[in-house]
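Participant: Pasting a structure here, questions to come.
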Amino acid sequence: EPEVTQTPSHQVTQMGQEVILRCVPISNHLYFYWYRQILGQKVEFLVSFYNNEISEKSEIFDDQFSVERPDGSNFTLKIRSTKLEDSAMYFCASSGTSRNQPQHFGDGTRLSIL
Amino acid sequence: AQSVTQLDSQVPVFEEAPVELRCNYSSSVSVYLFWYVQYPNQGLQLLLKYLSGSTLVKGINGFEAEFNKSQTSFHLRKPSVHISDTAEYFCALLNAGGTSYGKLTFGQGTILTVHP
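Residue numbers (my numbering), protein chains in the order written: chain G, 729 to 842; chain E, 2 to 117.
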């Protein structure tokens, strides 16, 4: 069964540094998402992406964050000038030809900011 | 604004016993509802979904859930659990209308622990 893959599984970064989290969505999916889960808290929506542009973003997704689909397969989340509070598990998800179809999640990247 | 509340943060149960994990939601528009399961060190795996039609939906691993619009609930059930069902379970909501482009709203999760 096709799956969403995320790399790296764990990223440790110094505060203030930039980090790029990578995702390969399922190949025929058109909708892409990033979520995050701070330890002990709910899974939170960050951003949705369709047709090479952001469809919706949460209030968390400020100018520090950006997303990109640099080629036909990768979907990246960039965090500029990381803060301690960015430490979380980041999940990538994708869904098929409709935004209402179930989203398939990757295993996540655990981001630790020191 | 929409919200999802999972009423139990932890549910311990013995193997082969039945289990119900409770989920209530709030939304001003029609909704789609999902249950996801997360095993340790893994991502979120879709367990089942309610989009429309029959209010009783069946998912993988013998789980089922019932959509109750009047109670605004979507409780997850399994008649007989196994040790391997030990995991964290998340209820999630997607607005069926409006301008939300696929944003899932999650509950806080319920940790199901199955004891031998």
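In this text, a Cβ means the ideal position worked out from N, Cα and C, and glycines have one as well.
With a 10 Å radius around its C-beta and 16 neighbouring C-beta atoms as the bar for buried, classify E/Ala88 as buried or exposed.
Facilitator: Classification of E/Ala88: buried, given that the 10 Å Cβ count is 16 or more.
Participant: Alpha carbon to alpha carbon, how far is G/Glu731 from G/Pro798?
Facilitator: Using only the alpha carbons, I get a separation of about 19 Å.
Participant: In angstroms with no decimal places, state the Cα-to-Cα distance between E/Asn96 and G/Gln734.
Facilitator: Roughly 27 Å between the two C-alpha positions.
Participant: Taking 6 Å as the limit between beta carbons, can you name the residues of its chain near E/Asn25, skipping five residues before and five after?
Facilitator: Closer than 6 Å at the Cβ level, and outside the excluded window around E/Asn25, lie Thr6, Thr73 and Ser74.
Participant: Between E/Gly110, E/Glu65 and E/Gly103, which has its C-alpha nearest E/Val20's C-alpha?
Facilitator: It is E/Glu65 whose Cα lies nearest to the Cα of E/Val20.
Participant: Under three-state DSSP, which class holds G/Glu813?
Facilitator: Three-state result, G/Glu813: helix.
Participant: Beta strand (DSSP E) containing E/Asn25: first to last residue?
Facilitator: First-last of the beta strand (DSSP E) with E/Asn25: Cys24 to Ser27.
Participant: Taking 6 Å as the limit between beta carbons, can you name the residues of its chain near G/Gly824, skipping five residues before and five after?
Facilitator: These residues qualify, in order along the chain: His757.
Participant: Counting only the same chain and skipping the five closest in sequence on each side, list residues whose C-beta sits under 7 Å from that of E/Thr106.
Facilitator: The residues are Gln3, Ser4, Val5, Ala93 and Leu94.
Participant: Pairing CB atoms from the segment 753 to 773 of chain G with CB atoms from the segment 801 to 815 of chain G, are three or more of them under 8 Å?
Facilitator: These segments touch.
Participant: Are the segment 778 to 786 of chain G and the segment 8 to 22 of chain E touching, with three or more C-beta to C-beta distances below 8 Å?
Facilitator: Counting Cβ pairs under 8 Å, fewer than three are found: no touch.
Participant: Sort G/Lys811, G/Gln792, G/Asp790 and G/Ser776 by Cα distance to G/Pro753 and report the nearest one.
Facilitator: Among G/Lys811, G/Gln792, G/Asp790 and G/Ser776, the Cα nearest to that of G/Pro753 belongs to G/Ser776.
Participant: Quick check on G/Phe803 - is its C-beta less than 8 Å from some C-beta in chain E?
Facilitator: Judged by the 8 Å Cβ criterion, G/Phe803 is not in contact with chain E.
Participant: Compare the Cα-Cα distances from G/Cys820 to each of G/Gln792, G/Val771, G/Asp790 and G/Arg808 and report the closest residue.
Facilitator: Taking only the C-alpha atoms, the option nearest G/Cys820 is G/Val771.
Participant: According to DSSP, is E/Ser85 part of a helix, a strand, or is it coil?
Facilitator: It is helical.
Participant: With the cut-off set at 8 Å, would you say G/Ile788 and G/Ser815 are in Cβ contact?
Facilitator: No, these two residues do not count as a Cβ contact at 8 Å.
Participant: Using a beta-carbon distance below 8 Å, is G/Arg797 in contact with chain E?
Facilitator: Chain E, which has no Cβ nearer than 8 Å to the Cβ of G/Arg797, makes this no.
Participant: Give me, in chain order, the residues of the same chain whose beta-carbon lies closer than 8 Å to that of E/Pro117; leave out the 5 immediate sequence neighbours on both sides.
Facilitator: Phe15, Glu16 and Ile84, listed in sequence order.
Participant: Determine the DSSP secondary structure at E/Ile61, reduced to helix, strand or coil.
Facilitator: Helix, per DSSP.
Participant: Can you tell which of G/Val740, G/Thr837, G/Arg838 and G/Asn828 has the C-alpha that lies nearest to the C-alpha of E/Val32?
Facilitator: Closest option to E/Val32, Cα to Cα, is G/Asn828.
Participant: Determine whether the beta carbon atoms of E/Gln115 and E/Asp86 lie at a separation below 8 Å.
Facilitator: Checking the displayed sequence, the identity of residue 115 of chain E turns out to be Val instead of Gln. Taking 8 Å as the Cβ cut-off, E/Val115 and E/Asp86 qualify as a contacting pair.
Participant: Where E/Leu34 and E/Gly110 are concerned, what is the direct C-alpha to C-alpha distance, given to the nearest angstrom?
Facilitator: Going by the C-alpha atoms only, they are around 14 Å apart.
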